[in-house]
Structures are given as C-alpha cells and as structure tokens.
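The numbering of the sequence shown is the numbering used here, which starts it at 54 and goes up by one. I have placed the structure first, in the form of structure tokens, so that the comments after it can refer back to it.
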Amino acid sequence: MSPATTAADTTVTLHRRFMLRVAGLPADTVQALRAPETADWAARTAAEEDRLRALGGRLSDPLSAA
C-alpha cells in the first residue's frame, strides 16, 4: 500500500495493484495490450525481494551482536 497525503491533509491509500484507463478507451480495446506474464514476473520478483529482505535481517542480527 502506498499512503499519500492530499492538500486537505486527508490520507489516501492505493491498493498495490491498480488499473489505469488512459484516454477512456474501452477495456475491450486494450485487451491485446495486457501482459499477464509481466504481472506474474513482477509478483515473483516482489516475493523474492521480500524473502531476501527477511534473510538479510536474519543474517545481519548475529553480525550486529558480534
């Protein structure tokens, strides 16, 4: 989630996945532009980043204590 603050000091949070319709094109028109493989790759990459971040934390804790 990406929190943001508007000019009225209202917090707005976007879901991590969203769709943007550019120029109001009908969804059927942009069907051919979809890239499910890219979305799958992005999800796998994000999961791997999370895994490596957690592993890095577990590795750095003993090093910090030494």
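A virtual CB, placed ideally from N, CA and C, is assigned to each residue, including glycine.
Original post:
Could you check where the alpha helix (DSSP H) with T91 kicks off and where it finishes?
Top reply: Where T91 is concerned, the enclosing alpha helix (DSSP H) stretches over P89 to A118.
**OP:** Ignore the nearest five residues each way along the sequence and tell me which others in Q84's own chain have a CB closer than 8 Å to its CB.
**Re:** Excluding its 5 nearest sequence neighbours in each direction, Q84 has no C-beta neighbour in its own chain below 8 Å.
Subject >> Three-state class that DSSP yields for M54 in the structure shown >> reply: Residue placement at M54 is flagged as unreliable, the pLDDT there being 42, under the threshold of 50; the coordinate-derived value follows with that caveat. Residue state, collapsed to three classes: coil.
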